[in-house]
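Residue 1 is where the sequence shown starts when you use my numbering, and the numbers rise one by one after that. Quick notes on the structure that follows.
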Amino acid sequence: MFKIPRGTRDFTPEEMQKRRYVEEVMRSTFKTFGYKEVQTPTFEALELFTAKSGETIIDELYSFTDKGGRELALRPELTAPVIRFYVDKLQMEPKPLKLFYFGNCYRYDRPQKGRYREFKQAGCEIVGTDTAEAYAELVALAFKILEKTGLKNLKLNIGNLNILSSIFNQFKLSKDQQKYLIPLIDKSLFEELLIALRDFGIKNENANTIIDILQTSDINKIENFLKNDDAKKEVVELKKIVGLLSESFGINNYQIKMSIVRGLDYYKGLVFEIEAPSLGAEKQLCGGGAYELITLFGGKETPTAGFAIGFDRTILALEIENHCFPTFGLDIFVIPVNDDMVKKALEVTQNLRKKGILTDVDLLRRGISKSLKYASSLNAKKVIIIGPNELEKDAVTIRDMESGEQELIEINNIIQKIN
């Protein structure tokens, strides 16, 4: 017997119904914000991902050499492929260019709750604008997508990496020291951060002040702390973004959080994360912000921002919240009462299908009682029973599965009756 590879999953029809429902909610929301769907290959040149994230990412990839000697990798995420696609073919498109996507991604991680080696990602990129309204709309889109799936408990955190860099520079912390501090900040290990700051020669009072600024959500307090004029301008822009988020998009339950670091060198300026606290330690559903990748991939410099949503974690969060997913079922199940009725049952079934009506037919010749039980398991709304007595009158019996009521209907009137 063959076993499924570690870190992957099979999905039952019921699970796939949930996944398709969530995907369609997300897709329709992307579209209402003016985004257009794109798709990229499942595997790319290995260099694409090492250029973006460094050589250390190789240990996390499913990489291989093909028969032509080319080094390739299954995509671990979708931003790099989409920007590669943009540089290759879409640079001359009118701006801003709004692109969204869904796709399976692959990482050689240790499997755990909500984290798999094969997982689905949803996301988007906006290319060609860096206005406050563009960033506010991007954050609003991410929040609205998750909200529209049915999630109730969401936490939106907003930060700015340029402001964070200014805080580091204000205390003359070197690039190497900053690289050491960033993982501690990312994991909210503030006690360890305090020790590290002291080790780097920061006075105890200043070290505590830095940690206080990283933890405060008071944007005015952050502004008053900063000495660099460029950093103060970033605060002004951040105020515009959150102002629009509240006034134009009706999103008020956000928190300013300067400790968002995203952990990647190519992010700059605005960053944000959306969490589902019900998930516990692995609570992040969405992360994104402004970044620079286009020039790294050989394109002409232009503002770029985007986000990625953990599709699997979103469904897990919905299940934890006991979200009531829509139930899917058949419109009609057709039952021939004997072998002689099979041909007519198939004819009726096909006529209904041509009209876009979700229709199935008994293919086991199991009889009325067992067929009704099977139709119930399929959540069929109605059953059409075809027997010799009905056909003599060029009619069928239609049974409502919820009420149990049934009536004789002429075959030519079936469509009108069930619509």
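Backbone N, C-alpha and C define an ideal beta-carbon position, used for all residues, glycine too.
Query                                                                                                    : Result
Distance between Asp394 and Ile414 (C-alpha atoms, nearest Å)                                            : 11 Å
Whole-Å CB distance - Val348 paired with Ile384, under 8 Å assumed                                       : 6 Å
First and last residue of the uninterrupted alpha helix (DSSP H) at Gly243                               : Asp229 to Glu247
Arg399: first and last residue of the uninterrupted beta strand (DSSP E) it sits in                      : Ala395 to Asp400
Residues sharing a beta bridge with Arg504, DSSP                                                         : Because the chain is modelled from 1 through 419, residue 504 falls outside the range shown and cannot be assessed.
Cβ separation of Leu72 and Leu90, assumed to be a contact under 8 Å, to the nearest whole Å              : Rounded, the Cβ-Cβ distance is 22 Å, inconsistent with contact.
Through-space distance from Glu77 to Gly287, alpha-carbon basis                                          : 12 Å
Under the three-state DSSP convention, the category Glu301 falls into                                    : coil
Whether Ala426 touches Ala290 by CB criterion (7 Å)                                                      : Absent from the model: residue 426. The displayed extent of the chain is 1 to 419, so no value can be given.
Short Cβ contact (7 Å threshold) for Gly150 with Ile260                                                  : no
Candidates Leu164, Lys203 and Asn224: closest to Tyr267 by CA position                                   : Leu164
Candidates Gly34, Phe171, Cys124 and Gly250: closest to Phe200 by CA position                            : Phe171
Three CB pairs or more closer than 8 Å across the stretch 10-24 and the stretch 80-88                    : no
Residue environment, Asp312, which counts as buried when at least 16 other CB atoms sit within 10 Å      : buried
Nearest candidate by alpha-carbon position, reference Thr32, set Lys148, Glu118, Ile57 and Phe190        : Lys148
Unbroken alpha helix (DSSP H) run spanning Ser369, endpoints                                             : Ile368 to Ser377
Ile182 (DSSP reduced to helix, strand or coil)                                                           : helix
Expected contact under 8 Å - CB spacing of Ile58 and Ala132 to nearest Å                                 : With 8 Å as the limit, Ile58 and Ala132 do not qualify as a contact, their Cβ atoms being about 38 Å apart.
Contact set for Ile213: own chain, Cβ-Cβ below 7 Å, skip 5 residues either direction                     : Ile167, Ile222, Phe225 and Met258
Touching by the beta-carbon criterion (3+ pairs, under 8 Å), the stretch 349-365 and the stretch 186-205 : no
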